[in-house]
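Student:
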Amino acid sequence: MAGERKRVLVVGGSGYLGQHLLAALASDAGRLDVAFTHHSQAPPQQLLDALPSVRAFHADLRSGDGFEAISASFGQPHVVVNCAAISVPRACELDPPAAMATNVPSSLVNWLLSFGNDDSLLIHLSTDQVYEGMKSFYKEEDETLPVNMYGRSKVAAEKFIVEKCSNYAILRSSIIYGPQTISPVAKSLPIQWMDSVLSQGQQVEFFNDEFRCPVYVKDMVDVILSLAKTWLSDGKKVQVLLNVGGPDRVSRLQMADSVATVRGYNHSIIKSVSASSVNRGVASPSDISMDITKLTQMLSIKPISFQDGVRATLDAEANS
Numbered sequence: 001m002a003g004e005r006k007r008v009l010v011v012g013g014s015g016y017l018g019q020h021l022l023a024a025l026a027s028d029a030g031r032l033d034v035a036f037t038h039h040s041q042a043p044p045q046q047l048l049d050a051l052p053s054v055r056a057f058h059a060d061l062r063s064g065d066g067f068e069a070i071s072a073s074f075g076q077p078h079v080v081v082n083c084a085a086i087s088v089p090r091a092c093e094l095d096p097p098a099a100m101a102t103n104v105p106s107s108l109v110n111w112l113l114s115f116g117n118d119d120s121l122l123i124h125l126s127t128d129q130v131y132e133g134m135k136s137f138y139k140e141e142d143e144t145l146p147v148n149m150y151g152r153s154k155v156a157a158e159k160f161i162v163e164k165c166s167n168y169a170i171l172r173s174s175i176i177y178g179p180q181t182i183s184p185v186a187k188s189l190p191i192q193w194m195d196s197v198l199s200q201g202q203q204v205e206f207f208n209d210e211f212r213c214p215v216y217v218k219d220m221v222d223v224i225l226s227l228a229k230t231w232l233s234d235g236k237k238v239q240v241l242l243n244v245g246g247p248d249r250v251s252r253l254q255m256a257d258s259v260a261t262v263r264g265y266n267h268s269i270i271k272s273v274s275a276s277s278v279n280r281g282v283a284s285p286s287d288i289s290m291d292i293t294k295l296t297q298m299l300s301i302k303p304i305s306f307q308d309g310v311r312a313t314l315d316a317e318a319n320s
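Heads up, the sequence shown is in UniProt numbering, so the first residue is 1 and it goes up one at a time.
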């Protein structure tokens with residue numbers, strides 16, 4: 001692969017992680033050809049204006065429509081990052097067939113296999129919700145026993161990729177947080193939402209008994225770039241499964257406390273409640289905090305603390 005411009009395709013590039021990743025990849029436009037797929041009819045114009053070197057393709061992950069057009073005009077990608085998913089657990093619960101059809105990337109994998117070689121690395125975003133949530137700091141080799149349809153669809157995706165692909169990295173991500181994207185995404189961003197409700201000075205309830213390891217978006221991007229660069233530079237096959245979270249195990253209550261600390265809000269408006277006090281229409285795991293020892297040892301990446309990530313997020317919003 002030496003001397004050839006490397007092609008990177010971000011599937012679901014108009015989403016939250018996708019846009020942050022595209023911005024990072026576009027900064028290396030001298031050596032990389034970068035493209036992304038979007039499911040909506042038109043790609044976000046703000047994104048195209050901000051990143052003129054990046055190409056957009058309409059593609060349907062369920063049917064595979066659109067991938068042949070990518071083959072024809074972009075070519076076989078050296079790296080594919082799959083960020084596309086139905087990631088709202090309740091939406092998956094309401095429509096299991098849609099969750100499986102979207103979250104198990106069979107059309108994407110079959111398209112890559114159709115090239116008949118191992119020249120593409122697939123980096124696939126999975127989730128901490130593959131774990132049952134009955135203990136702290138899950139390791140990659142722990143059994144996957146998801147409690148909801150979202151987790152089950154992601155376990156099915158992991159199994160499919162491991163069976164079919166010979167060159168892959170599966171990243172089990174926790175909650176990804178950070179600054180807003182170039183073209184603002186419609187979904188609520190966790191730190192910005194907490195900041196908004198706490199700024200009103202009214203009492204707000206937060207769960208005290210569900211634990212995660214939220215990861216700052218720029219750390220998530222660095223993990224993906226590190227894996228991609230390793231493959232592009234030495235061409236050695238990758239077959240890896242990694243937990244990707246931040247270093248801190250926190251509840252929603254502790255997350256809100258961090259936002260209040262950074263902003264100087266009154267902590268007395270933060271009310272501690274149990275997750276069992278609310279019916280969300282979907283089972284939610286209690287503690288899916290993750291051990292990230294393998295990540296830090298393999299890639300020498302040390303994700304920033306949650307408090308520092310909150311500060312960075314709110315600083316970025318203030319300067320945008």
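Think of the CB as a built atom: it goes at the ideal place given N, C-alpha and C, for glycine as much as any other residue. Quick caveat: nothing in here was measured; it's all calculated off a predicted structure.
1. Report the rounded CA-to-CA distance for Phe36 versus Ala23, giving the unit in angstroms.
2. Just grab the DSSP bridge partners of Gln239 for me.
3. Under 7 angstroms, do Val130 and Ala84 count as touching if we go by C-beta distance?
4. So is Pro261 buried or exposed if we call it buried at 16+ other beta carbons inside 10 Å?
5. Assuming Phe137 contacts Met290 (C-beta within less than 8 angstroms), just tell me the rounded distance between them.
6. Rounded to the nearest angstrom, what separates Ser305 and Ala275 at their Cα positions?
7. Assign Ala316 to buried or exposed, taking buried as 16 or more other Cβ atoms, counted over all protein chains shown, within 10 Å of its Cβ.
8. Give, in chain order, every unbroken run of the alpha helix (DSSP H) that is at least 4 residues long and sits entirely within the segment 59–118.
9. Looking only at DSSP bridge pairs, what is Asp33 linked to?
10. Put Leu121 into one of helix, strand or coil per three-state DSSP.
11. On the DSSP bridge assignment, give the partners of Arg212 in chain order.
12. Given a threshold of 16 other Cβ atoms within 10 Å of its Cβ, counted over all protein chains shown, does Met255 qualify as buried or as exposed?
13. Nearest CA to the CA of Glu210: which residue from Gly133, Gln46, Leu61?
14. Whose C-beta lies closer than 6 angstroms to the C-beta of Glu158 among residues of the same chain, with five residues either side of it excluded?
15. From the DSSP output, in three-state form, read off Glu132 for me.
16. Once you ignore the five residues that flank Ala2 on each side, which residues in its own chain have a CB closer than 8 angstroms to its CB?
17. Give the secondary structure of Ile292 by DSSP, where H, G and I count as helix, E and B as strand, and everything else as coil.
18. Is Arg55 closer than 7 angstroms to Ala101 when the C-beta atoms are compared?
19. Alpha carbon to alpha carbon, how far is Ala39 from Gly66?
20. Starting from Ser233, trace the alpha helix (DSSP H) both ways and give me its first and last residue.
21. Is the beta carbon of Val223 sitting closer than 7 angstroms to the one on Val244?
22. Pair every Cβ in the segment 87–103 with every Cβ in the segment 145–162, then say whether three or more of these pairs are closer than 8 angstroms.
23. Classify His267 as buried or exposed, calling it buried when 16 or more other Cβ atoms lie within 10 Å of its own Cβ.
24. Give me, in chain order, the residues of the same chain whose beta-carbon lies closer than 7 angstroms to that of Asp118; leave out the 5 immediate sequence neighbours on both sides.
25. Measuring alpha carbon to alpha carbon, tell me which residue in Asp128, Leu253, Leu108, Ser183 is nearest Leu48.
26. Are the beta-carbon atoms of residue 366 and Val282 separated by less than 7 angstroms?
27. Exposed or buried, what is Val80 when buried is set at 16 or more other beta-carbons lying within 10 Å of its beta-carbon?
28. Leaving out the 5 sequence neighbours to the left and right, which residues in its chain are closer than 7 angstroms to Trp231 when beta-carbon positions are compared?
29. Looking only at C-alpha atoms, which of Ile86, Ala228, Glu140 sits nearest to Pro77?
30. With DSSP as the reference, label Ile176 as helix, strand or coil.
31. Quick check on the burial criterion: 16 or more other C-beta atoms within 10 angstroms. Buried or exposed for Gln19?
32. Spatial neighbours of Val217 within its chain, please: CB distance less than 6 angstroms, with the 5 preceding and 5 following residues excluded, ordered by chain position.
33. Please state if the CB of Val221 and the CB of Ser174 are separated by a distance shorter than 7 angstroms.
34. Do Val259 and Val197 have their CB atoms nearer than 7 angstroms?
Tutor: So, from the listed chains and residues:
1. 11 angstroms
2. Tyr168
3. no
4. Here the sequence assigns Thr to residue 261, which means Pro is not the residue at that position. Exposed: under 16 other Cβ atoms inside 10 Å.
5. 6 angstroms
6. 24 angstroms
7. exposed
8. 67–73, 89–94, 96–103, 106–113
9. Arg7
10. strand
11. Val250
12. buried
13. Gly133
14. Ser126, Ile170
15. coil
16. Residue placement at Ala2 cannot be trusted, given a pLDDT of 49 that sits under 50; the coordinates are not used to answer.
17. coil
18. no
19. Position check: residue 39 holds His in this sequence, whereas Ala was assumed. Those two C-alpha atoms are separated by around 10 angstroms.
20. 217–234
21. yes
22. yes
23. exposed
24. Ser166, Asn167, Lys237
25. Ser183
26. In the structure as shown, the chain begins at 1 and stops at 320. Residue 366 is therefore absent and cannot be evaluated.
27. buried
28. Val79, Leu121, Val238
29. Ala228
30. strand
31. buried
32. His20, Ile176, Gly178
33. no
34. no
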